[in-house]
Amino acid sequence: MTASHQGRALRSWLLATALALATPVLAHAEPLTLPEALSRAAKADPSRPALAARLNAAEAAVRQATVRPNPVVGVEVEDIAGSGSYSLIDRTQATVYYEQSQERGGKRAARGALARSDISLTRLRDDVRVLDLLHEAELAWIDAVAAEAEARLAADRLAIAQRAQVEVDRRVKVARDPLFAGARADAQVAEAGIALSQAQARATNARRALAAFWGGGEIEIDAAALEDLSPADQVAGPASAIDLALIEAQRGVAAARLRVEESKAVQDPTWRAGLRYLNDGGDVAAVIGGSIPLGRYDTNKAAIEQARAAQTASELDLIGARSVFERKIAAVQASLAQKAGEARRIEAEIVPANARTVDLVREGFNRGGFSYLDVIEAQKALLEAKARRLAVLKSFQIDRAQLNRLTGAFTSLVPASETAQ
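Mapped onto mature numbering (1 follows the signal peptide of the UniProt record, and there is no 0), the consecutive letters of the sequence shown carry residue numbers -29 to -1, 1 to 392.
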């Protein structure tokens, strides 16, 4: 078998393999958009049902925090087994009493407020977790879109290599190029075919990783979604309301904890009432008494200072968080503008120039003015420019996902029943 026949057989096999790999079994007629992917991920969130259990625990804590102290029922027996006239049991006196502590300083209300603030904190923590999940799903969607675009670029590389191979075979047949030129062209086609297979495998894996967010399944991805540069021309929204609300809730918890500690500084009296049986004459008399701590040593001062410092820290955290969000949003928006400009210039200037160079070199090659190595170099420059543009576009979309997370762009996908406070 001649080299040209081997080359044609190799081309046929590579083309058939590429077409087979490039035709996935799709379950959806339309490409999966980002909002659809995130909606599926939010609905299939396996950790979301655990929120109900956490809320039940928080509500039980509220009920427990607002209960009153238990009363005490006691019995005291006096003047028993003494000496002298008190050595006989008939001089014994018995008292039955009921004792109750009285909480002062708003202790019960403060405990209840602290426990109720934990309910809001639990909800908001889970909402932030959902936003983080959506951010991960968005990054997976970007990986899938970029992998699809890279697979298409690899298919273009194979098509270019096959076109050059046809031209080289023609020149080899008429003895205008040596046989090794045909072998080199065959090797280029083989390398492009392998690169295409690898790119398609990466695209398949990326689609599966994305679909894993809702339990798997075949999906279709449109690589054109990578081309959307519109966020670079838009003004970013404010910082994520849910993230700021979480920090605000933490400040509320700190304030409620301070009120609890302040209430502990107020001493609680204990009241007692009962009946005393006097064994001498069989008489019964009422007994009333009470007690209250003097508060001489333990006034809970240090605990109050600790809680007040924690409240101040939480207020400063909120101010700092707003500043950090604003700074990050500004930085990401600047990065989006820079990368969008780079991608547009590559598309408008570098890619057309390299494509024109390939055409000119190929025409010169057909006339005998250039070697096959010149054709390879021109094609390589064109493919590298396209690959560079894809890398910039992917980086742009990753920055866009970061901006979406910072601004809470997909807050509407968080289940509304759980965000109500």
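Even glycine gets a Cβ: it sits at the ideal position worked out from N, Cα and C.
Excluding the 5 residues preceding and the 5 following Arg279 in the sequence, name in chain order all residues of the same chain whose CB lies nearer than 7 angstroms to its CB. Along the sequence shown, read from residue 1 onward, the residue named residue 279 stands at position 308. The answer, listed in chain order, is Leu229.
Counting Cβ pairs closer than 8 angstroms, one from the region 187 to 204 and one from the region 347 to 358, do we hit at least three? Segments in contact, no.
Check whether Asp377 and Ser168 have beta carbons under 8 angstroms apart: Sequence index remark: in the sequence shown, residue 377 carries index 406 (1-based). Sequence index remark: in the sequence shown, residue 168 carries index 197 (1-based). The question names Asp, but residue 377 is Leu in the sequence shown. Contact flag unset, no.
Give every residue of the same chain whose Cβ lies closer than 6 angstroms to the Cβ of Lys365, excluding the five residues on either side of it in the sequence, and list them in chain order. Here the question's residue 365 lines up with position 394 in the sequence shown. Correct list, in chain order: Ala117.
So, at 7 angstroms on beta carbons, what are the nonlocal neighbours of Thr(-7) in its own chain, with the 5 sequence-adjacent residues on each side left out? For this step, residue -7 is matched to residue 23 along the sequence shown. Its pLDDT being 44, under 50, Thr(-7) is placed unreliably by the model, and the measurement read from it follows with that caveat. Hits under 7 angstroms: none found.
Pull up the CB-CB distance for Val33 and Gly83, whole angstroms please, since I reckon it's below 8 angstroms. Walking along the sequence shown from the start, residue 33 turns up at place 62. Walking along the sequence shown from the start, residue 83 turns up at place 112. Contact holds; Cβ gap of about 6 angstroms.
Unbroken beta strand (DSSP E) run spanning Ala244, endpoints: Taking the first residue of the sequence shown as 1, we reach residue 244 at position 273. For Ala244, the enclosing beta strand (DSSP E) starts and ends at 241 to 249.
Length at least 4, wholly inside the region 135 to 220: the alpha helix (DSSP H) runs in chain order: Fully enclosed alpha helix (DSSP H) runs of 4 or longer: 150 to 182.
Within 10 angstroms of the Cβ of Gln159, are there 16 or more other Cβ atoms? Answer buried if so, exposed if not. One-based indexing of the sequence shown puts residue 159 at position 188. Of the other Cβ atoms in all chains shown, 16 or more fall within 10 Å of the Cβ of Gln159; this residue is therefore buried.
Taking Asp370 as the reference, which of Ala227, His106, Ala80 has the closest Cα? Position 399 of the sequence shown, counted from the first residue, corresponds to residue 370. Of the candidates Ala227, His106, Ala80, the one whose C-alpha sits nearest the C-alpha of Asp370 is His106.
Whose C-beta lies closer than 8 angstroms to the C-beta of Ala274 among residues of the same chain, with five residues either side of it excluded? As a working mapping, residue 274 is identified with position 303 in the sequence shown. Counting only Cβ-Cβ distances below 8 angstroms, and skipping sequence neighbours, we find Glu232, Lys235.
Cross-strand partners of Ile259 (DSSP beta bridge): Here residue 259 corresponds to residue number 288 of the sequence shown, with the count starting at 1. Paired residue(s): Ala244.
Taking the beta carbon of Pro202 as the centre, do at least 16 other beta carbons fall within 10 Å, making it buried, or is it exposed? Numbered from 1 along the sequence shown, position 231 holds the residue referred to as residue 202. Buried, because 16 or more other Cβ atoms sit within 10 Å of the Cβ of Pro202.
Using a 10 Å radius around the Cβ and a threshold of 16 neighbouring Cβ atoms, would you call residue 403 buried or exposed? This structure does not reach residue 403, given that the chain is present from -29 up to 392, and the question cannot be answered.
How about Ala36: is its C-beta nearer than 8 angstroms to some C-beta of chain B? You won't find chain B in this structure, because it holds only one protein chain.
Have a look at Tyr343 and Val137 and give me their C-alpha separation to the nearest angstrom. Along the sequence shown, read from residue 1 onward, the residue named residue 343 stands at position 372. Along the sequence shown, read from residue 1 onward, the residue named residue 137 stands at position 166. Cα to Cα, Tyr343 sits roughly 12 angstroms from Val137.
Cβ separation of Ile213 and Asp98, assumed to be a contact under 8 angstroms, to the nearest whole Å: The sequence position of residue 213 within the sequence shown is 242, counting from 1. The sequence position of residue 98 within the sequence shown is 127, counting from 1. Under the criterion of beta carbons closer than 8 angstroms, Ile213 and Asp98 qualify as touching, at roughly 5 angstroms.
Look up Tyr343 in the DSSP assignment and say whether it is helix, strand or coil. Taking the first residue of the sequence shown as position 1, residue 343 is located at position 372. DSSP places Tyr343 in helix when its eight states are reduced to three.
Which residue wins for smallest C-alpha separation from Leu197, given the options Gly266, Ala311, Thr66? If you number the sequence shown from 1, residue 197 lands on position 226. The residue with the shortest Cα to Cα distance from Leu197 is Ala311.
Rounded straight-line distance, which links the Cα of Ala256 to that of Ser262: Locating residue 262 in the sequence shown gives position 291, where the first residue counts as 1. Locating residue 256 in the sequence shown gives position 285, where the first residue counts as 1. Those two C-alpha atoms are separated by around 20 angstroms.
Given a threshold of 16 other Cβ atoms within 10 Å of its Cβ, counted over all protein chains shown, does Gly379 qualify as buried or as exposed? Along the sequence shown, one-based indexing puts residue 379 at 408. Classification of Gly379: buried, given that the 10 Å Cβ count is 16 or more.
With DSSP run on the structure shown, which of helix, strand or coil describes Ser294? Numbered from 1 along the sequence shown, position 323 holds the residue referred to as residue 294. Here Ser294 sits in helix by DSSP.
Whose C-beta lies closer than 6 angstroms to the C-beta of Val363 among residues of the same chain, with five residues either side of it excluded? As a first step, residue 363 is located in the sequence shown; it is residue number 392 there, counting from the start. Only Lys310, Glu313, Ala314 meet the Cβ criterion.
Kindly confirm or deny that the region 237 to 253 and the region 61 to 72 touch, where touching means at least three C-beta pairs closer than 8 angstroms. yes
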